[in-house]
Each structure stands twice: as C-alpha cells, then as structure tokens.
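This report concerns only the one structure given below.
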Amino acid sequence: MPPREREVRHADGRTLRVVEDGDLHGRPVFVLHGSPCSRLLYQKHVDDATRRGVRLIGHDRPGYGGSSPQPGRTIGDEAADVRAIADELGIERFGVWGFSGGGAPSLACAALLPERVAGAACLAGVAPYPAEGLDWFAGMGEANVEDFRRMMDDPKGWESGLRAAAQQLSHATLEEILTSFASLLSEVDRAALTGGVAEILRAQIAEGVRPGIDGWRDDSLAGTRPWGFELSQIRVPLQIWHGRHDRFVPFTHGQWLASRLPKAEHHLLPNDGHVTLFEDRIPAVHEWLVHQF
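Add 2 to a position in the sequence shown, counting from 1, and you land on the number used in our numbering.
Set out below in structure tokens:
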C-alpha cells in the first residue's frame, strides 16, 4: 500500500504536508527530518515500523517540500505544528524521534507537549548555540563550520550561497552529494552512505529544497536563537543518541545534551557516526518507543 499523504491546515493559515506509513492502526510515532530534508520516509524504517505495530508520521517543517514557510520560527515552534497534525489526525498520545536537524525539534516536543508525548528520541541532535562549556565547532566538518560562520558574518552572501546549493541539490546525483559532503563524512559514514539510505537521503534533500531555501534557511537561523524552551522542562521518557565519529554534529554535542539531561537514556556510541544512526539504530528506537505508551 502506498504511503498516505495529506495537507493539514494550521490555525495560523499555514499548510503542513504530512505523510503516514507503516501500520496505520498502530502506535503513532512522529519522525522529524534533518536539514535540509523532508517528510519522505525511509522504506527500511517503514518496514520495521510495520513489523512492530508503529504508525510513522512524517511532515515537512515550514518552508520545506509542501509546507508553507514560517519566517522567524524558533525550534520550539515545531511542537505546535506536531500538535496541530496530531489533532487533525485524531491522535491523543504519540512518540517522537528526530534525526540531525530534527533532533532539537524532538526535544521541543518533549518539553512543550508533556501531556501528549509518550516518549522522545533525539539522534545526532545539536546543542544550543552558544552552549556553556561547549566548543560548538570542535570536531565539526569544514563545510558546516564555514556555512555557519558565513551565516553569522555575511547573511546576504550566505543566502545567495544557499540558493545556489539548493538548486544543485534539487537534482544532484549521489556522487555530487558525496562530493558536497566530503568534509563531513567520517570513514564509517562514507561506508554507510550507499544503497537505500543514500537514495532516501538524496530524495529527501531534493524534495526539501524543491520550493527554494525557506526551510533550510529558517532551520539554520532558528539554531542561532533561543530555542523557546528549556531542557530542564523535559519530564517525559527520553533517549539521546550520538556517534563518536559524527562530523555533521560533533560527538561533544551529544555529550553536552546528555550531561544536561541526566535522567534520559543515553546511547553515546563509540563506533557510530551520523549516517549510521539513521541507517542502523531506528529499530531500537521504535522498540523503545512502543514500550512508552
């Protein structure tokens, strides 16, 4: 059966593009995508969800794919969008997992929707910028460091560069994506970025930037602002996952989050990177989330 797609109208008039797959009668779990990516779900995750009785729900954050932009949004605003989708779908309680650029939004849902979230998992998520006691850039690949610093120092030039990058990525081959990610890929991630995971990430990126740079730009800018919630607000069951060989979001970010969330279940993995979490660790996340309802 093909995935079920729909549009959800937010109370503020925006449209959110939503996809559902897996066991459509199972435990609902929201999947929060990376940056720049989109709602598209990885078939490997869908197959695992179906076996475990999990209903996977993906959506485009504002400005990506088929969702309306929301200029000036914060990371915390994601919680209101997830709540709007859950309300439209008639879902009272749900799980959440977010990967990479979806990691901090998963924490937002945990903090701001305690009455709705059964459990949340943050995989390869960034720490706030700046974060006390954290060298934010240490261990980060050159491409991400340069992009962040240009965003801060030359916003107009940075936006122009994003437009060029989005145009290229909207129809890039896997080889071209690997080239653009070269400084971000550790050996374990380069080895993992093949087959199905390579294809879904290519497709997610192409769909995410199809309408332009609004989603990508606003995700990046949101990371430089106050998040709109405090980590200390989180009371729901929570997992933190991070790989030591991650050059997209350095391992120290995962360590920092774990130190601020001591009651969470920590998976700080010595042999993983960034892509490997997405490829290999989601079945364990699904298994854990099912038991939180």
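Glycine is no exception: its CB is placed at the ideal position from the N, C-alpha and C atoms.
Within its own chain, the residues whose Cβ lies closer than 8 Å to the Cβ of Ala145, once the five positions on either side in sequence are excluded, are Ser182, Phe183, Ala184, Ser185, Leu186, listed in chain order. Within the model, the alpha-carbon separation for Leu171 versus Ile215 is close to 11 Å. Within the same chain, and ignoring the five residues on either side of Met154 in sequence, the residues whose Cβ sits closer than 8 Å to its Cβ are Thr226. Taking a C-beta distance under 8 Å as the contact criterion, Glu289 and Val199 do not qualify as a contact pair.
By the Cβ rule, the stretch 74–90 does not count as touching the stretch 43–56, because fewer than three pairs are nearer than 8 Å.
When DSSP reads this structure, Glu9 sits in a beta bridge with Arg19. A buried status is given to Thr254, since no fewer than 16 other beta-carbon atoms sit within 10 Å of its beta-carbon.
Rounded to the nearest angstrom, the Cβ distance from Ala88 to Arg118 is 6 Å, consistent with a contact under 8 Å. The C-beta of Gly217 has 16 or more other C-beta atoms within 10 Å across all chains shown, which makes the residue buried. Sixteen is the threshold: when 16 or more other Cβ atoms of the shown chains lie within 10 Å of the Cβ of Gly103, as they do, the residue is buried. The three-state secondary structure of Cys111, taken from DSSP, is helix. Secondary structure at Glu232: coil, using DSSP grouped into helix, strand and coil.
Just measuring C-alpha positions, the residue of Pro272, Ile242, Asn273 sitting nearest Trp258 is Ile242.
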